[in-house]
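Have a look at the structure below before the remarks.
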Amino acid sequence: MRVAIIGAGVIGLSTALCIHEQYHGLVPSLEMEVYADRYTPHTTSDGAAGLWQPYLSDHGNLQETLWNKETFDYLLGHLGSAAAKEMGLFLISGYNLFTQPVPDPSWKNIALGFRNLTPKELELFPGYSYGWFNTALMLECRSYLPWLTNRLMQRGVKFFHKKVESFQEVSGDGVDVVINCTGMRAGELQPDPELQPGRGQVIKVLAPWVKHFIITHDIKSGIYNSPYVIPGSEFTVLGGIYQHGNWSEENSAQDHKTIWENCCRLLPALREAKIVQEWSGLRPARPRVRLERETLRHGHFQAEVIHNYGHGGFGITIHWGCAMAAARLFGSILQEKKLASPPQPRL
Amino acid sequence: MAAPKVAVVGAGVVGLSTALCIAETCPSCSVTVLSDQFSPNTTSDVAAGMLIPHTYPGTPIHVQKQWFKETFTYLFAISNSAEASEAGIHLVSGWQVFKNTPKEELPFWSDVVLGFRSMSEAELQKFPQHQFGQAFTTLKCDCPPYLLWLEKRLKATGIQISIRKVADLWELHSEYNIVVNCAGIGAQQLVGDEKLFPVRGQVLKVHAPWVKNFIRDGDGLTYIYPGIHRVTLGGTREKENWSLSPDPGTTKDIFDRCCSLEPSLRGAQDIKVKVGLRPSRQSVRLEREVLSQGGVKLPVVHNYGHGAGGFSVHRGTAKEAARLVGECIAALQGSSSRARL
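Which chain is which? The protein sequence lines are A and B, in order.
Under my numbering, read the first sequence as residues 113 to 459, first letter to last.
Under my numbering, read the second sequence as residues 2 to 342, first letter to last.
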């Protein structure tokens, strides 16, 4: 049984690992391959700061909230392990700031120690009159993706540096199941008008005195269009750009100015921070994550495809819950092919 | 008295902050800081500089709380300003965890730090050996940056800083009108205070930049304090131990204790070991004294004996010391006008 994963960002690699961990014991013939034209550190996941935090509202999408919780709990369980540092996983506390009271988020009981900000804390952030404090997790993909890659290679998963132009290209080659984790460019394999870029830009600086994440919100501008500061293990990420429909991966001088001025107003000491890097990326935005099976038929061949893309600006936050859901879909494919049941004794 | 000459002995956090307060409250004073040790070789440089008070048994709680509040307010304003990174002041959140629930659930400083509350069950799961905990956000003063920033502020006000080992406060009587004694553990020799004793602390300063939260065991012995560039792992509290040499067995013990609180520390790099002698006393000696020999008087203000709580109360005690210097000046002016009759 050959399984091909297209895409090697956080979604592709974690889905590959999740499926391999669960099924290679049950399906001895399982052969897994990863195809991607971009690998770490050149994926969208690598550009993200890596903070686990869902959007403010789940728009009634309880499924996504559950996947976020599954991811948080899974990562929390790994915190005390020897692997945590190698995974780029650590706890971090911080602030969400608003100019007016807002309802509590869907994730208030998932994160640790969630509470409202006290008046004295709000003095730190002139212009903001309401906010939250909580402890969450950082998962830095420039460590996590190599860690996932190592686990996969140890399991004998093969990697190919290749841009896949069509599902047929892979399934026609004898692959039984294709896992589509192509993120922003899923539309190139199968048109999907619901998938749109949510362009972001970030400035990475050296500001090691910053120990908290600070995410501001402007309800009118929308998510991530208001300054944020996220301290990583090496750099601090300054951001606050979300441009729906903008496909440009080039850094914009105007956006740089917006980010820099807004973040320095938020944290005046940032003016002393040394700028190390600038990066732009496209959040693969979709009204809902596309996580479903599809049977593709062409000629004599039939291929099962599991779509797992469209995670917007919360890919890291939701990745493991989606990987587990994709693995369940994989299990149902195996059931249908009767490959997961133990071999019948020959009479 | 025109331009009273004030000598401040000691250039740790107490000496430098006291000198700065004197300059702020007495612009006409001519202040000189005298010390044989400066940053990075003071006791203050070894400390993590966390604003978590130590309780002095001999000082009324409301006084300690006032000192802490003044210090916290002062540093809070700096942490919020453009100077924060130069001054080495930053906010840090974390947890104080207890193996057994403490008798007093609310420390006297709980409403001075930010967001103080009990830890939730979910948060406590990270600490399986501990039953109870408190979460809060406080400030940290990183040294050397904070001491260097204080020195810079002092020089900007015209204060002189001199390297000099003062063997006896009296030796200053001819050059200075008032002496302020911020000699820390050095006061034992300098003024012969037998109530002052060292409490040796060994710490590790390690590279572990993924540690963003502090963790402190409620017994005060084991702690993890993330600074700007290094995380301070501690520690020990060895009474009457004067040794400034790092002990390898202690290093391993501190490391193991901290790793059991935060397992990821096993990956910490570049471990540096430091030792400091906390200048401990039942209460901070913060008072005036007049030394006299052969009819000559030398007013002294003592400000030492801050033990484990120097950073937490430094600004509050510095302000009080500056106030006492003001009293000394008034007394000198009073007696000099009497002398003219």
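All C-beta atoms, glycine included, are put in the ideal place defined by N, C-alpha and C.
Practice item. Could you tell me whether the Cβ atoms of residue 304 of chain B and residue 142 of chain B are closer together than 8 Å? Key: Position 303 of the second sequence holds residue 304 of chain B. Position 141 of the second sequence holds residue 142 of chain B. Cβ atoms of residue 304 of chain B and residue 142 of chain B: not closer than 8 Å.
**Study point:** Best match in A/401, A/241, A/262 and A/196 for proximity to residue 178 of chain A [C-alpha to C-alpha]
**Key:** Residue 178 of chain A sits at position 66 when you count from the first residue of the first sequence. It is A/401 whose Cα lies nearest to the Cα of residue 178 of chain A.
Review point. Quick one, which residues of the segment 16-37 of chain B are near chain A if we go by CB-CB under 7 Å, in chain order?
Key: none
Practice item. With distances taken Cα to Cα, identify the nearest neighbour of residue 182 of chain A among A/439, A/398, A/241 and A/430. Key: For the purposes of this step, residue 182 of chain A is taken as residue 70 along the first sequence, with counting starting at 1. Answer by Cα proximity: A/430.
Practice item. Please determine if the segment 308-318 of chain A and the segment 376-396 of chain A are in contact, where contact requires at least 3 C-beta pairs separated by less than 8 Å. Key: yes
Practice item. Can you grab the Cα-Cα spacing for the pair residue 22 of chain B / residue 151 of chain B, in whole Å? Key: Position 21 of the second sequence, counting from 1, holds the residue named residue 22 of chain B. Position 150 of the second sequence, counting from 1, holds the residue named residue 151 of chain B. Straight-line Cα distance between these residues: approximately 11 Å.
Practice item. Would you decide whether residue 331 of chain A is buried or exposed? Buried here means 16 or more other CB atoms lie within 10 Å of its CB. Key: Here residue 331 of chain A is taken as the residue at index 219 of the first sequence, counted from 1. Its Cβ having fewer than 16 others within 10 Å, residue 331 of chain A is exposed.
Review point. In this structure, does DSSP put residue 297 of chain A in helix, strand or coil?
Key: Residue numbering aside, residue 297 of chain A sits at position 185 when the first sequence is read from its first letter. Note: residue 297 of chain A maps to helix in three-state DSSP.
Exercise for review: Answer yes or no: the CB of residue 345 of chain A versus the heavy atoms of the ligand GDP, is any distance below 7 Å?
Suggested key: Looking for the ligand GDP in the displayed structure turns up nothing, as the structure carries no ligands at all.
Review point. Taking Cβ positions only, does residue 100 of chain B come closer than 8 Å to chain A?
Key: Translated into the one-based positions of the second sequence, residue 100 of chain B becomes position 99. So, not an interface residue.
Exercise for review: On a CA-only basis, which of A/446, A/238 and A/348 is nearest residue 212 of chain A? Give me that one, please.
Suggested key: Taking the first sequence and counting its residues from 1, one reaches residue 212 of chain A at position 100. It is A/238 whose Cα lies nearest to the Cα of residue 212 of chain A.
Review point. Do the CB positions of residue 181 of chain B and residue 12 of chain B come within less than 8 Å of each other?
Key: For this step, residue 181 of chain B is matched to residue 180 along the second sequence. For this step, residue 12 of chain B is matched to residue 11 along the second sequence. Not a contact, by the Cβ cut-off of 8 Å.
Review point. From residue 299 of chain B to residue 179 of chain B, what distance separates their C-alpha atoms?
Key: Residue mapping note: residue 299 of chain B aligns to position 298 of the second sequence, counting from 1. Residue mapping note: residue 179 of chain B aligns to position 178 of the second sequence, counting from 1. Going by the C-alpha atoms only, they are around 6 Å apart.
Check your understanding: Should residue 362 of chain B be flagged as near chain A, meaning a C-beta pair shorter than 8 Å?
Key -> Outside the shown range of chain B (2 to 342) lies residue 362 of chain B, about which nothing can therefore be said.
Check your understanding: Start and end of the beta strand (DSSP E) containing residue 148 of chain A?
Key -> Your numbering for residue 148 of chain A matches position 36 in the first sequence. Where residue 148 of chain A is concerned, the enclosing beta strand (DSSP E) stretches over 143-148.
**Study point:** Of the residues B/112, B/130 and B/81, the one placed nearest residue 101 of chain B, counting alpha carbons only
**Key:** By one-based count along the second sequence, residue 101 of chain B stands at place 100. That would be B/130, whose Cα lies nearest to the Cα of residue 101 of chain B.
**Study point:** Nearest-angstrom Cα separation, counted from residue 358 of chain A out to residue 145 of chain A
**Key:** Mapped onto the first sequence, residue 145 of chain A falls at position 33. Mapped onto the first sequence, residue 358 of chain A falls at position 246. Cα to Cα, the separation comes out at about 32 Å.
Point to revise | Under 8 Å from the C-beta of residue 116 of chain B: neighbouring residues of chain A | key: Start at 1 with the first residue of the second sequence, and residue 116 of chain B comes out as number 115. Per Cβ cutoff of 8 Å: 227, 229, 230, 233 and 245.
**Study point:** Rounded C-alpha distance that separates residue 164 of chain B from residue 327 of chain B
**Key:** Locating residue 164 of chain B in the second sequence gives position 163, where the first residue counts as 1. Locating residue 327 of chain B in the second sequence gives position 326, where the first residue counts as 1. Taking the straight line from one Cα to the other gives about 25 Å.
Review point. Among A/414, A/205, A/406 and A/288, which one has its Cα closest to the Cα of residue 141 of chain A?
Key: If you number the first sequence from 1, residue 141 of chain A lands on position 29. Comparing Cα positions, the closest option is A/288.
Exercise for review: Tell me, please, whether the CB atom of residue 402 of chain A is closer than 8 Å to any CB atom in chain B?
Suggested key: In the first sequence, residue 402 of chain A corresponds to position 290, counting from 1. It does not: the Cβ of residue 402 of chain A has no partner Cβ on chain B nearer than 8 Å.
Check your understanding: Of all the CB atoms in chain A, is at least one closer than 8 Å to the CB of residue 258 of chain B?
Key -> For the purposes of this step, residue 258 of chain B is taken as residue 257 along the second sequence, with counting starting at 1. No, no contact with chain A.
Point to revise | Among A/122, A/114, A/116 and A/115, the one whose alpha carbon lies nearest that of residue 462 of chain A | key: Here chain A has residues from 113 to 459 only, and residue 462 of chain A is not among them.
Review point. Just the Cα atoms here: how many angstroms apart are residue 342 of chain B and residue 297 of chain B?
Key: Within the second sequence, the letter at position 341 stands for residue 342 of chain B. Within the second sequence, the letter at position 296 stands for residue 297 of chain B. With a pLDDT of only 48 at residue 342 of chain B, under 50, the local geometry of the prediction cannot be trusted, and the value read off the model is given with reservation. Those two C-alpha atoms are separated by around 19 Å.
Check your understanding: To which residues of the same chain is residue 404 of chain A closer than 8 Å at the C-beta, ignoring the five residues directly before and after it?
Key -> Within the first sequence, the letter at position 292 stands for residue 404 of chain A. Closer than 8 Å at the Cβ level, and outside the excluded window around residue 404 of chain A, lie 418, 419 and 441.
Review point. Looking at the unbroken alpha helix (DSSP H) that takes in residue 67 of chain B, where does it start and where does it end?
Key: For the purposes of this step, residue 67 of chain B is identified with residue 66 of the second sequence, where counting begins at 1. It spans 62-80 - the alpha helix (DSSP H) in which residue 67 of chain B sits, taken as one unbroken run.
**Study point:** Nearest residue (CA-CA) to residue 233 of chain B, options B/239, B/240 and B/258
**Key:** Here residue 233 of chain B refers to the residue found at position 232 when the second sequence is read from its first residue. Of the listed residues, the one whose Cα sits closest to residue 233 of chain B is B/258.
**Study point:** First and last residue of the uninterrupted beta strand (DSSP E) at residue 91 of chain B
**Key:** Indexing the second sequence from 1 puts residue 91 of chain B at position 90. Looking at the DSSP string, the run of the beta strand (DSSP E) that includes residue 91 of chain B is 90-99.
Check your understanding: Three-state secondary structure (DSSP) at residue 231 of chain A?
Key -> Numbered from 1 along the first sequence, position 119 holds the residue referred to as residue 231 of chain A. If DSSP states are grouped into helix, strand and coil, residue 231 of chain A belongs with the helices.
Exercise for review: Run the CB neighbour count on residue 273 of chain B, radius 10 Å, all protein chains shown included, and call it buried at 16 or more, exposed below.
Suggested key: Looking up residue 273 of chain B in the second sequence gives position 272. By the 10 Å Cβ count, residue 273 of chain B comes out exposed.
Review point. So what's residue 173 of chain A in DSSP terms, helix, strand or just coil?
Key: Along the first sequence, read from residue 1 onward, the residue named residue 173 of chain A stands at position 61. Residue 173 of chain A falls in the coil class under three-state DSSP.
Review point. Can at least three beta-carbon pairs, one atom from the segment 60-78 of chain B and one from the segment 206-221 of chain A, be found at a separation below 8 Å?
Key: no
Review point. According to DSSP, is residue 419 of chain A helix, strand or coil?
Key: For the purposes of this step, residue 419 of chain A is taken as the residue at position 307 of the first sequence. Three-state DSSP puts residue 419 of chain A in a strand.
Practice item. Could you please tell me which residues of the segment 177-199 of chain A, in chain order, have their CB closer than 9 Å to any CB of chain B? Key: 188, 191, 192, 193, 194, 196, 197 and 198
Review point. Could you give the residue range of the alpha helix (DSSP H) that holds residue 262 of chain A?
Key: As a first step, residue 262 of chain A must be located in the first sequence, where it is residue number 150. Per DSSP, residue 262 of chain A belongs to the alpha helix (DSSP H) from 253-266.
Review point. Does any C-beta atom of chain B lie closer than 8 Å to the C-beta of residue 220 of chain A?
Key: In the first sequence, the residue the question calls residue 220 of chain A occupies position 108. Answer no: the Cβ-Cβ gap between residue 220 of chain A and chain B never drops below 8 Å.
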